[in-house]
Amino acid sequence: MPRPILATIHVDSMKQNLALAKAKSPGARAWGVLKANGYGHGLERAMRGFADADGLALIEFDNAIKLRELGWKKPILLLEGFFGPADLHTMAGYDLQAAVHCNEQLEWLEAAAPQLAERRIRFDLHLKMNTGMNRLGFTPDAFAAAHARLSAIACVGSITLMTHFANADDIDHPLLPIGEQIRRFEQGAAGLPGLRSLSNSAGVLLHQDLKSDWVRPGIMLYGGSPGGGTADAFGLQPTMTLTSEIIGVQDIAAGEAVGYGSRFQAEGPMRVGVVACGYADGYPRVAPAGTPVLVDGVRTRLVGRVSMDMLTVDLTDLPQARLGSKVTLWGQGLPIDEVAISAGTIGYELMCALATRVPVVEG
Ligand SMILES: *Cc1c(COP(=O)(O)O)cnc(C)c1O
Numbered sequence: 001m002p003r004p005i006l007a008t009i010h011v012d013s014m015k016q017n018l019a020l021a022k023a024k025s026p027g028a029r030a031w032g033v034l035k036a037n038g039y040g041h042g043l044e045r046a047m048r049g050f051a052d053a054d055g056l057a058l059i060e061f062d063n064a065i066k067l068r069e070l071g072w073k074k075p076i077l078l079l080e081g082f083f084g085p086a087d088l089h090t091m092a093g094y095d096l097q098a099a100v101h102c103n104e105q106l107e108w109l110e111a112a113a114p115q116l117a118e119r120r121i122r123f124d125l126h127l128k129m130n131t132g133m134n135r136l137g138f139t140p141d142a143f144a145a146a147h148a149r150l151s152a153i154a155c156v157g158s159i160t161l162m163t164h165f166a167n168a169d170d171i172d173h174p175l176l177p178i179g180e181q182i183r184r185f186e187q188g189a190a191g192l193p194g195l196r197s198l199s200n201s202a203g204v205l206l207h208q209d210l211k212s213d214w215v216r217p218g219i220m221l222y223g224g225s226p227g228g229g230t231a232d233a234f235g236l237q238p239t240m241t242l243t244s245e246i247i248g249v250q251d252i253a254a255g256e257a258v259g260y261g262s263r264f265q266a267e268g269p270m271r272v273g274v275v276a277c278g279y280a281d282g283y284p285r286v287a288p289a290g291t292p293v294l295v296d297g298v299r300t301r302l303v304g305r306v307s308m309d310m311l312t313v314d315l316t317d318l319p320q321a322r323l324g325s326k327v328t329l330w331g332q333g334l335p336i337d338e339v340a341i342s343a344g345t346i347g348y349e350l351m352c353a354l355a356t357r358v359p360v361v362e363g
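For the sequence shown, position 46 matches number 46 in the UniProt record's numbering, and the numbering has no gaps at all.
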């Protein structure tokens, strides 16, 4: 019998979450963002889940190629752009679009242009503006010049104007509210032709007034919240359920401790369940005692330190629980956001960290 841990991926829920993203972005086209192996769900599964998307967006060249090999015919966008001149040939070979965010990329394009134009290659590119995130992109002041330079390159087809929000989940951010990023974008893009690509999940969910020709939802398609509460509040459905079983039970006396470091001490007599799931499966080691866990569908709490292959839960009020009882770590019945918040992280990180040793099924 295999170790009882299992991740169940709900492809139908991905479809429904995408439909919700589209419904919240009337008139806009939607990229289904599936970087990091579809946020840990598996590239091919995410491709099927987002079959209705207008395009797929990711970071990794190898996975972009895989999407073509799997038969994806619609656009593919490399959100982090290309990393060297040789990538342009891969983009040409597999019909990949990419973000352009720095002068070096313009130079590579200019150098390759004569050869690529001769082969009738035309790249659809996404010129990225840095509107305050200070990660990738041209400043608003440098944007028009970058646009002019890009437009003049023979192997360039369409140019979409793109930026990324730092705080779309926090409207009143004291330092950089979304309104300020939009103002900078409008200023830098004023008078320039091209479609606009703005919103991530937070933009789609919280700023429906925003005019974006393309939206780029990621986390919401996986039933995760982009920040703050839990995604079910938006009508999103979980797409990854991580389950395991109780593989051991200990009855301990008051004052006895549980796990490494003996960090958790029982206040009274206690029944402790041992679950076959640890940080080597992707469960966050930093999750503190009190983090919610479901046993046989009933909510209880993590106790003691998470170890590599096991974690421990409080079964004191669950007398019916025993060896083989089903445990849900997150997913259907327990929003991943709740576990993430308790562990001081975000649902994104938990999904992406699902370990390869965890068997995956669809359901
Ligand atoms: C990852 C990513 C997204 C999706 O963000 P979510 O918060 O997951 O919706 C959108 N745009 C860019 C450029 C990204 O890198």
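We put the CB at the ideal spot given by N, CA and C, even for glycine.
Distance check between residue 247 and each of 349, 76, 150 and 311 places 311 closest, using alpha-carbon atoms only. Proximity of the beta carbon of residue 17 to ligand 1 is not indicated: no heavy atom of the ligand is located closer than 7 Å.
A straight line joining the alpha-carbon of residue 34 with that of residue 4 spans about 28 Å. The continuous alpha helix (DSSP H) containing residue 22 extends over residues 11-23. Residues 280, 281 and 282 of the same chain have their beta carbon placed closer than 8 Å to that of residue 355, with the five preceding and five following residues left out of the count. DSSP places residue 249 inside the beta strand (DSSP E), whose first and last residues are 240-252. Nearest neighbour of residue 105 by Cα position, chosen from 121, 87 and 96, turns out to be 87. The Cβ atoms of residue 25 and residue 204 sit closer than 8 Å to each other. DSSP, read as helix, strand or coil, puts residue 124 in strand. Taken in chain order, the whole beta strand (DSSP E) runs of length 3 or more contained in the segment 21-60 are 29-33 and 55-58. No heavy atom of ligand 1 is found nearer than 7 Å to the CB of residue 134.
Note on the segment 284-338: whole beta strand (DSSP E) runs with a minimum of 3 residues are 292-295, 298-303, 311-314 and 326-330, in chain order. Membership of residue 151 in any beta strand (DSSP E) is not indicated; the residue belongs instead to the alpha helix (DSSP H) covering 140-151.
Residue side-chain check: residue 218 places its Cβ nearer than 7 Å to a non-hydrogen atom of ligand 1. Distance from the C-beta of residue 164 to the nearest heavy atom of ligand 1 is below 7 Å. About 5 Å separates the beta carbons of residue 334 and residue 294, which is inside the 8 Å limit, making them a contact pair.
The beta carbons of residue 41 and residue 65 sit no closer together than 8 Å. Listed in chain order, the alpha helix (DSSP H) runs fully inside the segment 196-245 are 201-206, counting runs of at least 4 residues. Among the bridge pairs identified by DSSP, residue 257 is matched with 265. Within a 10 Å sphere around the beta-carbon of residue 37 sit 16 or more other beta-carbons, which makes this residue buried. Inclusion of residue 226 in the 7 Å shell around ligand 1 follows from its C-beta lying nearer than that to a non-hydrogen atom of the ligand. Taking a C-beta distance under 8 Å as the contact criterion, residue 343 and residue 287 qualify as a contact pair. In the three-state reduction of the DSSP assignment, residue 162 falls in the strand class, which pools E and B. For residue 332, the closest C-alpha among the options 241, 78, 261 and 232 is that of 241. In this chain, residue 3 is not harboured by any alpha helix (DSSP H), its DSSP state being neither H nor E.
DSSP, reduced to helix, strand and coil, places residue 93 within a helical segment of the structure shown.
Around the C-beta of residue 228, fewer than 16 other C-beta atoms lie within 10 Å, and the residue is accordingly described as exposed. Within its own chain, the residues whose Cβ lies closer than 6 Å to the Cβ of residue 162, once the five positions on either side in sequence are excluded, are 126, 128 and 197, listed in chain order.
Looking at the DSSP output, residue 78 bridges to 58 and 98. Excluding the 5 residues flanking it on each side, residue 304 has same chain C-beta neighbours closer than 6 Å at 258, 259, 264 and 312, in chain order. Excluding the 5 residues flanking it on each side, residue 141 has same chain C-beta neighbours closer than 8 Å at 188, in chain order.
DSSP places residue 71 outside both helix and strand once states are collapsed to three, so it counts as coil.
Contact annotation, residue 67 with residue 43: C-beta distance approximately 7 Å; criterion of less than 8 Å satisfied.
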